[in-house]
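Just below is one structure, and these are the notes that go with it.
2 protein chains.
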Amino acid sequence: MRVPFADLLHHLTRALVTLGLSPDRAALSARLIAEATRDGVYTHGLNRFPRLVAMVRNGSVDVHTVPSFVLGHGAIERWDGNFGMGNLNAYASMERAIALARSHGLGAVALARTNHWMRAGTYGWQAADQGLFAICWTNTGRNLPAWGTAVATLGNNPLVLAIPRRTPQGEYAGGPHVVLDMAMSQFSYGQLEAYARRGEQLPVPGGFDQAGDLSTDPAAIYQTFRALPVGFWKGSGLALTLDLFAALLSGGNATHQISPDPMLESGISQIFLAIDPANLSAASELDRAATALIDQLHQAPRTNRGEAPRYPGENTLQLRETNLKEGVPVEDPAWSELLTLSAETSTSPHPAAPGK
Amino acid sequence: MRVPFADLLHHLTRALVTLGLSPDRAALSARLIAEATRDGVYTHGLNRFPRLVAMVRNGSVDVHTVPSFVLGHGAIERWDGNFGMGNLNAYASMERAIALARSHGLGAVALARTNHWMRAGTYGWQAADQGLFAICWTNTGRNLPAWGTAVATLGNNPLVLAIPRRTPQGEYAGGPHVVLDMAMSQFSYGQLEAYARRGEQLPVPGGFDQAGDLSTDPAAIYQTFRALPVGFWKGSGLALTLDLFAALLSGGNATHQISPDPMLESGISQIFLAIDPANLSAASELDRAATALIDQLHQAPRTNRGEAPRYPGENTLQLRETNLKEGVPVEDPAWSELLTLSAETSTSPHPAAPGK
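Each protein sequence line maps, in turn, to chains E and L.
When we follow my numbering, the leftmost residue of the first sequence carries the number 2, and every step to the right adds one.
When we follow my numbering, the leftmost residue of the second sequence carries the number 2, and every step to the right adds one.
See the structure below:
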């Protein structure tokens, strides 16, 4: 089913007020969630909302807290997320990294004791929409075996790299940014489930079967819970170093200190890094260089499998346009649960501004 | 054959003087090359030296230039490598990023028009030996097909993440740092060649055969030159975003503008980022947190294949100790060529200080 974007935003805002957020904070959090669905990242928009509701109710997420400044030195600061709303904490942290970058050329925030930020790419788009380059990542609970271990020892620690590009009108807001949003597992368990439901094999190996062999059978991998790090030993090493950076620089928890139960995965650590190119290059030079690189990718001879080479985030603006025009896809039980929760609030918050 | 580390250092220094470097610069460049061999990264130490010599002689590397400051804003600076010695340019850039980080908490250098830095991990160890976290990467000529393309469109763009740890004596220099040094190809062509020579199959898929299928046959992959990005589409996206960051922030070449001929791969772009944790945490707290994470990795149940889980760089100090005690492994033709070139200099430069 498709519903108007504004309806999704409206009901998310009301539902978050029901959960106890102030109207302004509810409107921003709702916008971030609704925009994930609008941009086609269905797993981490509305469909993730029921888990957020459950984690507010089980005490993992405190809707009333805001991040607090711990300490800083020049262009880097450490903040405490106080177990608050993950997407609001992350948004505030990237805004602070951007402000530091405007002053210092680049800026970083290390955030401890926060919660799941939902769509990772959100914070890359946030920076790129303001003309900044960004790198950010989060750790998670244990959900991925390190290379050489038979049980989950690493987080899948999603990593985002964002490169801003301007619209034909010369605006960064709404531009065709390049945004990589990449977990360190080759497939999420959600994706494995979806392949299994459809009775399909994975297109490439995604984990290990009970004999300890690489497998493209999603059901076999689900049985062992031995999903594959990207690049085998390489992604395993990258996930581990990302965890060390996040936990040590923030003073927060490393993956092994976070509950592996997704419903109790609270108190995680994140890094936000922003770079302001305005003092390095004219925007037109950056656009020209990025476009030349992307053109070269698009013009390269394709494989005989016919998959078109794409840059990360390439489909986003097209999906966004379609979903704004035809309505955003929603499905039960998430949509029904949202409507119920929305109906429970008596206040009528201002609808959030249409997402940019 | 094994030779004393001091002999390797001595002859590398003399050979670089023969090539035209001043004694001081020759001594530093020689130390960086010799230390790669000492630390067991044989592909990127002495064995890479003949290619450096050839590229000095074919004009790709100018031994007389030093990096020049282009512009900067606060904690980020753009430098021009002036087509000089790749390892000296990279070393100077990381030193500058470290100095910026000491002042601003974090610092970055974007370096254009430089040359191959040889062992990527060098610059991670350099920062970690001084107590800093570091992230750095380089782009390269086209040597890796993007996901969906049938020909090389990406560089393998090695990426380094370094986390400093102290020795039992409380020194960062010589500490058991965690240093990830990871190219975006699953295997290098050098590794594919080595497997083919030994008549072995790859342990995991490493590229595509002529039918377009994933293959563990190194010879088949060598025929198509379709090596595999780590994590399939994921590493392809990461390589592309790393190239965009390096080229756009430095104002230098992107992969598609660099010669794909390894003997003419000149004028590349690099990023150096350093973070000083001294103002965030006590060193003892950082050590405790890193050790707890690593202990948890080591104690995890192993797979039935018996590979011990390791952190990136874990074997380095042990290999270093062995190679310092028993001599560093050298082989022809690199060693013979080195001795010839060393004998050609009439000056007798001071031997470099023993590598730390």
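For each residue, glycine too, the CB sits at the ideal point set by N, CA and C.
Note that the structure is predicted; figures quoted are calculated from it, not measured.
- Residues of chain L with a Cβ closer than 7 Å to the Cβ of Y312 (chain E) are, in chain order, L241.
- Classified as buried, L274 (chain E) has 16 or more neighbouring CB atoms from the shown chains inside 10 Å of its CB.
- Measuring C-alpha to C-alpha distances from A147 (chain L) to each of E:T292, E:N316, E:Q297 and E:L340 identifies E:Q297 as the nearest.
- Listed along chain L, the residues sitting closer than 9 Å to Q187 (chain E) by beta-carbon distance are G232, F233 and K235.
- Scanning its chain for C-beta atoms nearer than 8 Å, with the 5 sequence neighbours on each side dropped, one finds around L340 (chain E) the residues H12, in chain order.
- One alpha carbon belongs to L203 (chain E), the other to A184 (chain E), and they sit about 17 Å apart.
- Residue E:L250 holds the alpha-carbon nearest to the alpha-carbon of S270 (chain E) among E:F134, E:S282 and E:L250.
- Under the three-state reduction of DSSP, I34 (chain E) is assigned to helix.
- Within the DSSP secondary-structure output, T139 (chain L) pairs in a beta bridge with L:Q271.
- Look at A301 (chain L): its C-beta is under 8 Å from a C-beta on chain E.
- Residues of the segment 133-150 of chain E that bring their beta carbon within less than 9 Å of a beta carbon in chain L comprise F134, I136, P146, A147, W148, G149 and T150, in sequence order.
- Of all C-beta pairs linking the segment 218-230 of chain L to the segment 189-198 of chain L, three or more are shorter than 8 Å, placing the two stretches in contact.
- The segment 128-139 of chain L makes contact with the segment 164-177 of chain L: 3 or more CB pairs, one atom from each, lie closer than 8 Å.
- Around the beta carbon of M119 (chain L), a 10 Å sphere encloses 16 or more other beta carbons of the protein chains shown; the residue is thus reported as buried.
- According to the DSSP assignment, F6 (chain E) belongs to no beta strand (DSSP E) but to the alpha helix (DSSP H) extending over F6 to T19.
- The continuous alpha helix (DSSP H) containing D296 (chain L) extends over residues A284 to Q300.
- Beta-bridge partners of R303 (chain E) (DSSP): L:T150.
- Note on geometry: alpha-carbon atoms of A102 (chain E) and P310 (chain L) lie some 38 Å from one another.
- For T115 (chain E), the enclosing beta strand (DSSP E) stretches over residues L107 to N116.
- Cβ contact annotation for I259 (chain L) (same chain, cutoff 8 Å, sequence separation greater than five): N140, T141, G142, R143, G156, E266, S267, G268 and I269, in chain order.
- Excluding five sequence positions before and after A111 (chain E), the CB atoms of its chain that fall closer than 6 Å to its own CB belong to R79, L250, S251 and I272, given in chain order.
- Residue contact check for H178 (chain L) against chain E: no CB pair falls below 8 Å.
- Inclusion of V152 (chain L) and P302 (chain E) in the CB contact set at 8 Å is warranted, their separation being smaller than that value.
- Around the beta-carbon of D40 (chain E), 16 or more other beta-carbon atoms lie within 10 Å, marking it buried.
- Against chain E, the beta carbon of N305 (chain L) has neighbours under 8 Å at A151 and G213, listed in chain order.
- Among the residues facing chain E, F84 (chain L) is not included, as its CB has no counterpart in that chain under 8 Å away.
- The shortest C-alpha to C-alpha distance from A109 (chain L) to any of L:L89, L:L160, L:P51 and L:A76 is the one to L:A76.
- Chain-order list of chain E residues neighbouring D333 (chain L): empty, with the shortest C-beta distance near 31 Å, by a criterion of under 8 Å.
- In the three-state reduction of the DSSP assignment, I259 (chain E) falls in the coil class, being assigned neither a helical nor a strand state.
- When CB distances to chain E are screened at a threshold of 7 Å, the residues of the segment 160-184 of chain L falling below it are L162, I164, V179, L181 and M183, in chain order.
- Cβ-Cβ separation between A255 (chain L) and A290 (chain E): approximately 7 Å, consistent with a contact (criterion under 8 Å).
- Assignment of beta-bridge partners to W80 (chain L) by DSSP yields L:F70 and L:L112.
- D182 (chain E) is bridged by DSSP to E:V161.
- Less than 8 Å separates the beta-carbon of S343 (chain E) from that of A16 (chain E).
- L215 (chain L) is a Cβ neighbour of V205 (chain E), given a cutoff of 8 Å.
- The straight-line gap separating the alpha-carbon atoms of G253 (chain L) and T242 (chain L) is approximately 15 Å.
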